[in-house]
């Protein structure tokens, strides 16, 4: 039994045990925090001045939409989560929230976020948010995750949409700069998650998820991590060279990117024992810092530029 049909059975023992923190956990708060941050950068860097109420409404709806996607992902993936060490303590597989409750919660939040964003901000932002939720839940969670080792590559688009949605919310349009922000997150996602998958491969294999280390082996995964990183680093630096970002961003993107490449090379070269696990964990951890540093610098430059105008 796979997917959402299994959720009710997995969570049957949890009826009546849910606490507010369990519903909060359904929102995937760590993922949501990254979504809010990247969306804030898109909102601040968009042209023109945005009314604070509109800005708050946009960020709230994007955050709620991300949380709704997380809840629907946990509903559908309860059978997978139940057999993976990393995820078996989540609310649905642990039985604290039933599959039906997670489904209703996710659908309600999805509708709320899309309708409010579309009506109170603008239709383009609402449509983009609706597509983001659909892409993550249906295209990635229900289809790609269980069917192809390219699940993270294609599915990574869902996590890359927030700055694009926020830009549309602020300006009513989409241009090259938010597309670059989308592309940076999109190409950052595979090396980030494949580094995790390298030392969690047994978990994915046990759950039947065709992550690249399971289907193609760790050596091919290491090669793909290196290739994606070599493409990502100059792409991430491109906003500075195209005039969309300043010298601070250029310096951060080049220096942090150089270290990202060093770590990817280390993962590629160190293939045995605890040293290989340490290398993969090191890249996974730094990749989070890398993305945060890029977007924090973009945010800082925009804020300082606004104060100096």
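Numbering (my numbering), first residue to last: -14 to 294. Beta carbons are placed, not taken as given, at the ideal position from N, Cα and C, and that holds for glycine. Please read these numbers as outputs of a predicted model, since none were measured by experiment.
query: Classify residue 146 as helix, strand or coil using the three-state DSSP reduction.; result: coil
query: Curious, which full-length alpha helix (DSSP H) runs of at least 4 residues does the region 107 to 180 contain?; result: 108 to 119, 136 to 145, 147 to 156
query: Helix, strand or coil for residue -1 per DSSP?; result: Summary for residue -1: the model assigns pLDDT 46, below 50, so the residue's position carries little reliability; its value from the coordinates is reported in the next sentence. Here residue -1 sits in helix by DSSP.
query: Can you tell me which of the three DSSP states residue 34 falls into?; result: coil
query: Which class does residue 83 belong to by DSSP, given the choice of helix, strand or coil?; result: coil
query: Just curious, the alpha helix (DSSP H) that residue 191 is in, first and last residue?; result: 186 to 192
query: Quick one, which of 3, 27, 7, 10 has its alpha-carbon nearest residue 168's?; result: 27
query: Sorted by chain position, which residues of the same chain lie with C-beta nearer than 6 Å to residue 126's C-beta, five sequence neighbours on each side aside?; result: 58, 61
query: Going by beta carbon distance, what residues of the same chain come within less than 6 Å of residue 228, once the five residues before and after it are set aside?; result: none
query: Please name the residue in 121, 124, 96, 122 whose C-alpha comes closest to that of residue 111.; result: 96
query: Looking only at its chain, what residues have a beta carbon closer than 8 Å to the beta carbon of residue 216, apart from the 5 residues adjacent to it on each side?; result: 172
query: Rounding to the nearest angstrom, what Cα-Cα distance links residue 102 and residue 257 in this structure?; result: 49 Å
query: Tell me which residue opens and which closes the alpha helix (DSSP H) that residue 204 is part of.; result: 203 to 226
query: Identify, in the order they occur along the chain, each residue of the same chain with its Cβ nearer than 6 Å to the Cβ of residue 175, setting aside the five sequence neighbours on each side.; result: 137, 138, 213
query: Between the region 86 to 96 and the region 16 to 27, do at least 3 Cβ pairs fall closer than 8 Å?; result: no
query: For my contact list, residue 33 and residue 156 are in at a C-beta cut-off of 8 Å; report their separation, rounded to the angstrom.; result: 6 Å
query: To the nearest angstrom, how far is it from the Cα of residue 50 to the Cα of residue 31?; result: 20 Å
query: With DSSP as the reference, label residue 196 as helix, strand or coil.; result: coil
query: Just the C-alpha distance for residue 275 and residue 245, rounded to the nearest angstrom, thanks.; result: 8 Å
query: Terminal residues of the continuous alpha helix (DSSP H) containing residue 232?; result: 232 to 254
query: How close, in whole Å, do the beta carbons of residue 3 and residue 76 come, if the pair is a contact with beta carbons under 8 Å?; result: 7 Å
query: Select from 170, 128, 153 the residue whose C-alpha is nearest the C-alpha of residue 144.; result: 170
query: State the Cα-Cα distance for the pair residue 124 and residue 221, rounded to the nearest angstrom.; result: 26 Å
query: Closest by CA to residue 179, which one among 154, 158, 211, 290?; result: 211
query: Let me know the secondary structure DSSP gives residue 23 once reduced to three states.; result: helix
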